[in-house]
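As structure tokens, the structure follows; a few thoughts come after it.
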Amino acid sequence: MYHPNPDMLVPQYDIVPPEGGGGVYRPPKLVPAVMEEDKISKKERNALRKEKQMLRQSRQSDFMREMMDDMEGRPEEAKMEKRARQEEELFTRAPMTKMEKKKEKHLKKSRNEYAE
1 MYHPNPDMLV PQYDIVPPEG GGGVYRPPKL VPAVMEEDKI SKKERNALRK
51 EKQMLRQSRQ SDFMREMMDD MEGRPEEAKM EKRARQEEEL FTRAPMTKME
101 KKKEKHLKKS RNEYAE
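Residue numbers (the UniProt record's numbering): 1 to 116.
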């Protein structure tokens, strides 16, 4: 069977520490680390992040989306007319999404407020 060979063992006093080490571990330098001089400060980075988040939220908000649609000349009435024409051409009812139902309800409510 296999067993350790005592003649192959290295005595403790034969191991010599490397010069200038002083017993402190120095990791090998595989990739040089670069310290960037033109890094932006933490406040500026947070301000940019906050600005991007506000822009993203404004794009996703229903109010801003409706305002952009009105500015671009795409009111809800035109969308509803187009939908009605398609339904008549295909002789089928197109199912409405929850968002479309909510918008239609909002439009009806706003029309009723102005009528009174």
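Don't be surprised by glycine CBs; every beta carbon is placed ideally from N, CA and C.
Kindly list the residues whose CB is nearer than 6 Å to the CB of residue i, restricted to its own chain and excluding five residues on each side of it in sequence; keep chain order.
i	result
Asp70	none
Straight-line CA distance for residue i to residue j?
i	j	result
Met68	Gln57	14 Å
Glu100	Thr92	17 Å
Ser110	Arg45	42 Å
Asp62	Lys102	11 Å
Gln53	Val24	46 Å
Pro27	Leu9	27 Å
Ala84	Leu55	34 Å
Arg59	Leu48	17 Å
Lys39	Glu72	40 Å
Looking at the secondary structure, which residues open and close the alpha helix (DSSP H) in which residue i lies?
i	result
Ala33	That residue, Ala33, is in no alpha helix (DSSP H); it is neither H nor E in DSSP.
Phe63	Asp62 to Met71
Arg83	Glu76 to Leu90
Could you name the residues of the same chain whose beta carbon sits closer than 7 Å to that of residue i, not counting the 5 residues immediately before and after it, in chain order?
i	result
Leu107	Glu76
Looking only at its own chain, which residues have a Cβ that is under 8 Å from the Cβ of residue i, when we skip the five neighbours before and after it?
i	result
Asp7	none
Glu87	Arg93 and Ala94
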